[in-house]
Amino acid sequence: MTAIIQAQALSKWFGEVVAVNNLDLTIEENIVGLLGPNGAGKSTFIKLALGLYKPSRGTVRVLGSEPRNNLAVLRRIGYCPETDDFFENATGFEFVYYLNLYWGMGARQARVAAQQACELTRMTERMHDPIETYSKGMRQRIKIAQALAACPELLFLDEPMNGLDPRGRDEMYALIQTLAKAGMTVVVSSHILYEIERITDSVALMFKGSLLAQGRVRDIRNLIDAHPHAIRVQTNAPRQAAAPFIALPAVTSVDFDESGFVMRTRDANACYDMLNDMMARGTNSINAIECADDSLQSVFDYLTR
Amino acid sequence: MSTASEHPENSMAATNSDNGGAHTNVTVVGREPVALESAVRRPLPDWLKPGNQPGRGGYAASMLASCRHALVTLTRRKRLALAAFIAFLPVLIPLALAFLSTSRFAESGNEVFVRLVEELHINVFAPLLALFFAGMLVAEDIETRTMPYILTRPIPRSAWVAGRFCAFMIVAATILLTSAALTFAAASIHANLTLTNVVDLSLLLHYFGVMIAALLAYGGVAVFLGAFTKRPIVYGVILLYGWQSLATQIPGLVDFFTIKKYTDALLPVMATQRHVAEIQTALGTFQREVFQVSAIRAMVALLLITTISLTATILAVSRREYAADRTAGS
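Residue numbers (this note's numbering), protein chains in the order written: chain A, 1 to 305; chain B, 1001 to 1330.
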């Protein structure tokens, strides 16, 4: 399969801050998820691939060529940025329309394409309203509309689920998959594993500007499962409540504090089952249970430890 | 791909993506079942099929697109009304002189018009409009962080800059020339200036030409400041008002490094001859040797300033990294 994006020893730094560090990454799939916690370098990598940044070192080739100021490459790319920035005083329709003109469309074609893109993203009703009156989800949809309006071959979506309601998210998952089936390559960045998991099986894990792993979601899940999960239990009788867990071989440590205890376990499901039983029996006054490892950051902490 | 059975929280995703479009009814407590699949999965419209990308628009079309967009943006600015209001104030001066002056001698309409156009329109309003509009042509997209949208479009950077500059020229020239024409009409109520006199009208047209040349040069410098600095208006005020005033006071050839030197050289001869080569200060009056520049050389110099400024702007837009959030990992 031909590489759609190929980064070799790619680095980008801003002053003393290294945003992307010696990254070797090849993207060949229809949909690839760029996964990593905030500050992992996902957005910087996307901007390098779009030619918005010049690599400090190394190379990045997109659709076979270097992207920076390369109009032939840019003609084939769509981009939905993470930030909510728009032309001042513009309506959603105008925003898409003027960006369509910049894509080389004539006025009439740009108008039709803007209407179609707004329809696709369910913005037709509000497209003539000023963007400043839009909700976060509507802003997200209008950004996606401008990215899709010229039917790009390669689509970069930087945190596209931000601000979308559940229905919007479902639509976005379905849209991305439909676009990929039609032959479009979609690169989606997110810091939420669950979001990426719903779209694609192929992910690239980034952490502190470097590629940590690339492959199937299942492999990453297995990798994560091999590491202890932290579960925080809030209870008035921590020692009594923790006793049955200490006996479990899967539990590697238990730390007590004023409000309860935190246990680390290699079998989170078994621990949750036991906690459910304890609460159902009412043997211990458990006030709350929370997964201290819910954020991707802690998963990456495990993987990089 | 992970299956729903492996990850129960993903059951919806598995249903949506793996069942090949079959309808799934989801019941929400207290509501009618919703055909979620039909709402979510819609067929891809024909226009979004591969190969439907727009054709290349060409350089002129790219420039026109940039110009149209900038025109709409400029005309929606509140500062447009402010700039127009300030620029139209000189129209009131000849009228005020006619109705409020207590002088026993009749004012010369010609002289009133020439002084107003030279001192206000060319030396004050042209740089002001350049700072108001040209200075923000690129700077605004940097400030509002919309540059990534533009820089990821297949539009030649030079066409984008040139289109924006054309929009500035259309807006600024419309304001300035209209104001000058109205000032001319207002001044014609005085003696020595008539609306139908060919010589007077040619004087007006001459000043139109000087104003356009001034807008080109001031606009070029201002657009460059906008692309290259974070505070184009501050630097613009320092450069176009502070430096230009200072340079014309310093003996020697320093004034050659101002735009005013060349716009002055384009003024009608009669007007140019009125310029005194004396500097009056609190310490006394100093004489200063003024090196004149021919009109043709002045025009070439102004066009050079414009071309160099716009070229530098295009280079800045092509080479600088304007993408927002230049911090690591953002």
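Cβ coordinates follow ideal geometry from the N, Cα and C atoms, glycine included. Small disclaimer: the values here were computed from a predicted structure and weren't measured.
Measuring alpha carbon to alpha carbon, tell me which of A1181(B), A1301(B) and L1116(B) ends up nearest L1195(B).
-> In the second sequence, counting from the first residue as 1, residue 1195(B) sits at position 195. Closest option to L1195(B), Cα to Cα, is A1181(B).
For I192(A), which of helix, strand or coil comes out of DSSP?
-> Locating residue 192(A) in the first sequence gives position 192, counting from the first residue. Residue state, collapsed to three classes: coil.
Output the distance between the C-alpha atoms of T59(A) and A7(A), rounded to the nearest integer angstrom.
-> On the first sequence, position 59 is the one that residue 59(A) refers to. On the first sequence, position 7 is the one that residue 7(A) refers to. Cα to Cα, T59(A) sits roughly 6 Å from A7(A).
Check whether R232(A) and G260(A) have beta carbons under 8 Å apart | Here residue 232(A) corresponds to residue number 232 of the first sequence, with the count starting at 1. Here residue 260(A) corresponds to residue number 260 of the first sequence, with the count starting at 1. The answer is yes: Cβ separation under 8 Å.
Comparing the C-beta of T1027(B) with each C-beta of chain A, is any distance below 8 Å?
-> As a position in the second sequence, residue 1027(B) is number 27, starting the count at 1. With a pLDDT of 36 at T1027(B), under the threshold of 50, the predicted position of this residue should be treated as unreliable, and no value is reported.
Identify the residues that DSSP records as bridge partners of R61(A): which are they?
-> Mapped onto the first sequence, residue 61(A) falls at position 61. DSSP lists Q6(A) as partners of R61(A).
Interface flag, G344(A) vs chain B, CB-CB below 8 Å = This structure gives no information on residue 344(A), because the portion of chain A shown stretches from 1 to 305.
Please report the residue range of the alpha helix (DSSP H) in which F1168(B) lies.
-> Sequence index remark: in the second sequence, residue 1168(B) carries index 168 (1-based). Judged by DSSP secondary structure, F1168(B) falls within the alpha helix (DSSP H) whose first and last residues are R1157 to A1187.
Have a look at D1264(B), D1046(B), F1256(B) and R1056(B) and flag the residue whose alpha-carbon is nearest the alpha-carbon of W103(A).
-> By one-based count along the first sequence, residue 103(A) stands at place 103. Put simply, of D1264(B), D1046(B), F1256(B) and R1056(B) the residue whose alpha carbon is nearest the alpha carbon of W103(A) is R1056(B).
How many Å lie between A270(A) and A288(A) at the Cα?
-> Indexing the first sequence from 1 puts residue 270(A) at position 270. Indexing the first sequence from 1 puts residue 288(A) at position 288. Taken atom to atom, the span from the alpha-carbon of A270(A) to that of A288(A) is near 17 Å.
Counting Cβ pairs, one atom from each stretch, are 3 or more of them under 8 Å apart for the segment 43 to 59 of chain A and the segment 17 to 35 of chain A?
-> Touching, per the Cβ criterion.
Buried or exposed for K143(A), please, with buried defined as at least 16 other CB atoms from any protein chain shown within 10 angstroms of its CB.
-> Numbered from 1 along the first sequence, position 143 holds the residue referred to as residue 143(A). By the C-beta density criterion, K143(A) is buried, having at least 16 other C-beta atoms within 10 angstroms.
Is H957(B) helix, strand or coil by DSSP?
-> Nothing in the structure corresponds to residue 957(B), since chain B is present only between 1001 and 1330.
Taking G92(A) as the reference, which of D219(A), V18(A) and H128(A) has the closest Cα?
-> By one-based count along the first sequence, residue 92(A) stands at place 92. Closest by alpha carbon: H128(A).
Cβ-Cβ distance between A1186(B) and L1095(B) below 8 Å | Translated into positions along the second sequence, residue 1186(B) becomes position 186. Translated into positions along the second sequence, residue 1095(B) becomes position 95. Yes, the pair counts as a contact, with Cβ atoms nearer than the cut-off.
Whether Y1262(B) touches A1222(B) by CB criterion (8 Å) | Locating residue 1262(B) in the second sequence gives position 262, where the first residue counts as 1. Locating residue 1222(B) in the second sequence gives position 222, where the first residue counts as 1. No, these two residues do not count as a Cβ contact at 8 Å.
Start and end of the beta strand (DSSP E) containing T26(A)?
-> Locating residue 26(A) in the first sequence gives position 26, counting from the first residue. T26(A) -> beta strand (DSSP E) spans V17 to I27.
How close, in whole Å, do the beta carbons of Q140(A) and P160(A) come, if the pair is a contact with beta carbons under 8 Å?
-> Walking along the first sequence from the start, residue 140(A) turns up at place 140. Walking along the first sequence from the start, residue 160(A) turns up at place 160. Beta-carbon to beta-carbon, Q140(A) and P160(A) are separated by about 7 Å, close enough to satisfy the 8 Å threshold.
What residues in the segment 1049 to 1062 of chain B bring their beta carbon closer than 9 Å to a beta carbon of chain A?
-> Listed in chain order, the positions of the segment 1049 to 1062 of chain B with a beta carbon within less than 9 Å of a beta carbon of chain A are K1049, P1050, G1051, N1052, Q1053, P1054, G1055, R1056, G1057, G1058, A1061 and S1062.
Please state whether DSSP places R1145(B) in a helix, a strand or coil.
-> Residue 1145(B) sits at position 145 when you count from the first residue of the second sequence. In the structure shown, R1145(B) falls within a coil segment according to DSSP collapsed to helix, strand and coil.
Do A241(A) and M278(A) have their C-beta atoms within less than 8 Å of each other?
-> Position 241 of the first sequence, counted from the start, is the residue given in the question as residue 241(A). Position 278 of the first sequence, counted from the start, is the residue given in the question as residue 278(A). By the CB criterion at 8 Å, A241(A) and M278(A) fall inside the cutoff.
Collapsed DSSP secondary structure at Q116(A) in the structure displayed | Locating residue 116(A) in the first sequence gives position 116, where the first residue counts as 1. DSSP places Q116(A) within a helical segment (H, G or I) once states are collapsed to three.
From the DSSP output, in three-state form, read off T283(A) for me.
-> Along the first sequence, read from residue 1 onward, the residue named residue 283(A) stands at position 283. Note: T283(A) maps to coil in three-state DSSP.
Specify, as a first and last residue, the run of the alpha helix (DSSP H) that V1254(B) falls within.
-> Looking up residue 1254(B) in the second sequence gives position 254. Per DSSP, V1254(B) lies in no alpha helix (DSSP H) segment and is marked neither H nor E.
Host beta strand (DSSP E) of S210(A) (start-end) | For the purposes of this step, residue 210(A) is taken as the residue at position 210 of the first sequence. DSSP places S210(A) inside the beta strand (DSSP E), whose first and last residues are S210 to R216.
Amino acids of chain A, ordered along the chain, whose beta-carbon sits closer than 8 Å to that of T1144(B) | Looking up residue 1144(B) in the second sequence gives position 144. Among the residues of chain A, those whose CB is under 8 Å from the CB of T1144(B) are D85, F86, F87 and E88, following chain order.
Measure the beta-carbon distance from G168(A) to G209(A) and round it to whole angstroms, keeping in mind my assumption that it falls under 8 Å.
-> The residue labelled residue 168(A) in the question sits at position 168 within the first sequence. The residue labelled residue 209(A) in the question sits at position 209 within the first sequence. Actually they do not touch by this definition, with Cβ atoms about 31 Å apart.
Spell out whether any CB of chain A is found under 8 Å from the CB atom of P1045(B).
-> Position 45 of the second sequence holds residue 1045(B). So yes, P1045(B) belongs to the interface.
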